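First the structure, in the form of structure tokens, and then the observations on it.
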Amino acid sequence: MSRARRLDTITPKHRRLIITRQCALMRVSRSSFYYHGKGESPLNLKLMRLIDEQWLKAPFFGSRRMRKMGLEAVYPRPKTTRPHPKHPVYPHLPRGLAIDRPNQV
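As numbered in my numbering, residues 131 to 235 make up the sequence shown, in order.
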């Protein structure tokens, strides 16, 4: 069951179960039960609509200006620190070796 559906099943004026217990049974926090989103301001909605319209007309506009302003696009970067699962994992040979002079390893 989705989180939104679990929140909808909680009855605020239940005769036997208080809200705390209902939230615990549904595995949702009480704060998420009481939270009501603020929403976007009318000005912000208008700006987002104008930006979206412009982007639909020409999605390539703005790359040079962004570079000039020092801005970067926000998108997932490659995960270079994670090893590929098919690559072999070599053992750490000097583990347990007491190194007591230079160039020993």
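For glycine and all other residues, C-beta sits at the position ideal for the given N, C-alpha and C. Given the structure is predicted, the values throughout are model-derived calculations rather than measurements.
- Taking the Cα of D138 as reference, the smallest distance to any Cα among R146, M156, T150 is reached at M156.
- Per DSSP, reduced to three states, the secondary structure at Y165 is coil, with no helix or strand assignment.
- Membership of K187 in the alpha helix (DSSP H) is indicated by the continuous run 172-187.
- In the three-state scheme derived from DSSP, where H, G and I count as helix and E and B as strand, Q234 is classed as coil.
- Between the alpha carbons of R231 and L223 lies a gap of roughly 17 Å.
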